[in-house]
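*Asks:*
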Amino acid sequence: MRDDDADRLLADLVHRRGPALVGYAHLLCGDRAAAQDVVQDALVRVFGRLRRGFTPDSAEAYVRRAVLTVFLDERRSSARFDRVRHVVATPDEAAAPGESDDRLDLRRALDVLGRQHRAAVVLRYYDDLTVPEVAARLGVAVGTAKRYLHDALRLLEDELGPLDADDEVTPVVARRAPAGPRPGRDLDPSPRARPQTGPQTSPPARPDGGAR
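Read in the UniProt record's numbering, the sequence shown has 148 at position 148, and its numbers run on one by one without any break.
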């Protein structure tokens with residue numbers, strides 16, 4: 001692809017899909033200014049390397065992936081910021097024009113999630129990816145992705161109330177050990193640990209009448 005073709009494609013993508021890309025990044029970041037920066041970095045990453053066969057649709061898919069990568073790459077600096085977030089906290093963000101109260105509540109609820117958990121939720125329920133696909137995007141094991149989603153849904157329910165069940169995530173819920181004896185502790189098959197349940201016999205009496 002020639003430079004002028006890439007420039008036209010970039011301009012067209014930003015014109016047509018710029019707001020949607022910023023909205024997607026906003027779900028991840030929770031801050032519109034940060035979302036704009038993430039999208040800008042993602043565009044530079046994608047269009048800094050020209051690819052053959054680029055189309056508006058494929059370019060947007062590349063940029064969305066790059067948005068997630070940029071967001072996750074900033075994890076360490078964000079962790080440092082999280083320790084002092086309360087010092088520079090700002091009032092709750094006002095709803096954008098035309099934004100429903102439910103959508104604003106969702107954005108605020110997402111703010112309680114950590115970076116990986118938030119990314120997992122956006123990939124699963126916004127991008128509609130399967131749990132294995134979420135795991136692949138995040139570069140983690142499927143079980144780890146399930147745990148992220150399970151923990152995130154519990155936190156979101158605290159903020160939003162009961163949520164619809166997710167059949168791909170619910171298996172992680174059943175990890176609590178059943179009530180009753182704990183194998184290896186309360187039950188020990190060795191003879192020395194078995195309680196005597198039969199009748200107890202007294203030691204035989206000594207000939208002199210005393211106890212042995």
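We put the CB at the ideal spot given by N, CA and C, even for glycine.
(1) Examine the Cβ distances between the segment 30-44 and the segment 119-126 and report whether three or more of them are shorter than 8 Å.
(2) Rounded to a whole number of angstroms, what is the C-alpha to C-alpha distance between R49 and G139?
(3) Do you know offhand how far E74's Cα is from R65's?
(4) Who are the near neighbours of L155 in its chain, counting only those whose CB is closer than 7 Å to its CB and skipping five residues on each side?
(5) Which two residues bound the contiguous alpha helix (DSSP H) that contains D151?
(6) Could you check how far apart the C-beta atoms of E60 and A109 are, in whole angstroms? I think they sit under 8 Å.
(7) Answer yes or no: the CB of Y125 versus the heavy atoms of the ligand FAD, is any distance below 7 Å?
(8) Using the Cβ count rule (16 or more neighbours within 10 Å means buried), how would you classify H15?
(9) DSSP on D111, reduced to helix/strand/coil?
(10) Pick out whichever of Y62, V70, L149 and P132 has its Cα sitting closest to the Cα of H26.
(11) Quick one: residues in its chain with C-beta nearer than 8 Å to the C-beta of L163, no 5 flanking neighbours on either side, listed in chain order?
(12) Could you pull the start and end residues of the alpha helix (DSSP H) that A135 belongs to?
(13) What is the DSSP secondary structure of D49, reduced to helix, strand or coil?
(14) Is R118 buried or exposed, if buried means 16 or more other CB atoms sit within 10 Å of its CB?
(15) Just to confirm my understanding: we take E168, look at its own chain, exclude 5 residues before and 5 after, and list those with CB closer than 6 Å. What are they?
(16) Taking the alpha-carbon positions, what's the V122 to D57 distance?
(17) Starting from E60 and walking both ways along the alpha helix (DSSP H), at which residues does that stretch end?
(18) Just how far apart, CA to CA, sit D7 and Y62?
(19) Considering only their Cβ atoms, is the gap separating V22 from A35 smaller than 8 Å?
(20) In whole angstroms, what is the alpha-carbon distance linking D4 and F47?
(21) When burial is assigned at 16 or more other CB atoms within 10 Å of the CB, is A135 buried or exposed?
(22) On the three-state DSSP scale, how would you describe A35?
(23) Out of curiosity, what's the CA-to-CA distance linking R32 and K146?
*Replies:* If we stick to the structure as given:
(1) no
(2) What you label residue 49 is simply residue 49 of the sequence shown in a count that begins at 1. What you label residue 139 is simply residue 139 of the sequence shown in a count that begins at 1. Roughly 23 Å between the two C-alpha positions.
(3) Your numbering for residue 74 matches position 74 in the sequence shown. Your numbering for residue 65 matches position 65 in the sequence shown. Rounded to the nearest angstrom, the two C-alpha atoms are 15 Å apart.
(4) Taking the sequence shown and counting its residues from 1, one reaches residue 155 at position 155. Closer than 7 Å at the Cβ level, and outside the excluded window around L155, lie V112 and L113.
(5) Locating residue 151 in the sequence shown gives position 151, counting from the first residue. Per DSSP, D151 belongs to the alpha helix (DSSP H) from V142 to L160.
(6) Here residue 60 refers to the residue found at position 60 when the sequence shown is read from its first residue. Here residue 109 refers to the residue found at position 109 when the sequence shown is read from its first residue. About 27 Å separates the two Cβ atoms, so there is no contact after all.
(7) You won't find the ligand FAD in this model; it holds no ligand whatsoever.
(8) As a working mapping, residue 15 is identified with position 15 in the sequence shown. By the neighbour-count rule (16 or more Cβ atoms within 10 Å), H15 is not buried but exposed.
(9) On the sequence shown, residue 111 is found 111 positions in, with the first residue counted as 1. Coil.
(10) Along the sequence shown, read from residue 1 onward, the residue named residue 26 stands at position 26. Nearest option by C-alpha distance: V70.
(11) As a working mapping, residue 163 is identified with position 163 in the sequence shown. Cβ within range, chain order: L153, L156 and E157.
(12) One-based indexing of the sequence shown puts residue 135 at position 135. V131 to L138 is the extent of the alpha helix (DSSP H) around A135.
(13) Mapped onto the sequence shown, residue 49 falls at position 49. One detail in the question is off: residue 49 reads as Arg in this sequence, not Asp. Three-state DSSP puts R49 in coil, outside helix and strand.
(14) Walking along the sequence shown from the start, residue 118 turns up at place 118. Its Cβ being crowded by 16 or more others within 10 Å, R118 is buried.
(15) Translated into positions along the sequence shown, residue 168 becomes position 168. Around E168: V131.
(16) In the sequence shown, the residue the question calls residue 122 occupies position 122. In the sequence shown, the residue the question calls residue 57 occupies position 57. Straight-line Cα distance between these residues: approximately 20 Å.
(17) Position 60 of the sequence shown, counted from the first residue, corresponds to residue 60. P56 to D73 is the span of the alpha helix (DSSP H), which, as asked, contains E60.
(18) As a first step, residue 7 is located in the sequence shown; it is residue number 7 there, counting from the start. As a first step, residue 62 is located in the sequence shown; it is residue number 62 there, counting from the start. Near 16 Å, if we compare the C-alpha coordinates of Y62 and D7.
(19) Looking up residue 35 in the sequence shown gives position 35. Looking up residue 22 in the sequence shown gives position 22. Their beta carbons are under 8 Å apart, which means A35 touches V22 by this criterion.
(20) To locate residue 4, count along the sequence shown from 1; it is residue 4. To locate residue 47, count along the sequence shown from 1; it is residue 47. The alpha-carbon atoms of D4 and F47 are separated by roughly 12 Å.
(21) By 1-based counting over the sequence shown, the position of residue 135 is 135. Looking at its Cβ environment, which holds 16 or more other Cβ atoms inside 10 Å, A135 is buried.
(22) Reading the sequence shown from its first residue, position 35 is the one you call residue 35. Residue state, collapsed to three classes: helix.
(23) By one-based count along the sequence shown, residue 32 stands at place 32. By one-based count along the sequence shown, residue 146 stands at place 146. Using only the alpha carbons, I get a separation of about 28 Å.
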